[in-house]
Amino acid sequence: MESIYLVKGLDCANCAREFEEKVNKINGVDEATMNFMSLKLIVNSSSDCTNEINEIAKNFEDGLVLRKIK
């Protein structure tokens, strides 16, 4: 299952990489790719991981907003 999220509030490419790494550690995520330029996170997973990704976003950085677009 492919899901796409719009991620707003990341300050730098390094932060985007760290966020991507945390999402990749979620059980059930096959691959997560964060594109800092487009602010999109693409997640391929065996199930819907939106709640887990939202939890990471909430605790990652103040002002980080995540919205599922697909």
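Residue 96 is where the sequence shown ends in this note's numbering, and the numbering goes up by one at each step. Where a beta carbon is used, it is the ideal one built from N, C-alpha and C, also for glycine.
Point to revise | Leu65 to Phe86 span [Cα, whole Å] | key: 15 angstroms
Practice item. In the DSSP assignment, find the unbroken alpha helix (DSSP H) run with Lys84 in it and report its ends. Key: Thr76 to Phe86
Practice item. Could you give the DSSP three-state label for Lys94: helix, strand or coil? Key: strand
Point to revise | Endpoints, alpha helix (DSSP H) assigned at Asn61 | key: Counting along the chain, Asn61 falls outside any alpha helix (DSSP H), though it belongs to the beta strand (DSSP E) covering Val55 to Asn61.
Review point. Just the Cα atoms here: how many angstroms apart are Lys84 and Gly35?
Key: 11 angstroms
Check your understanding: Of all the options Gly54, Ile82 and Gly89, which has the alpha carbon lying nearest to the alpha carbon of Glu28?
Key -> Gly54
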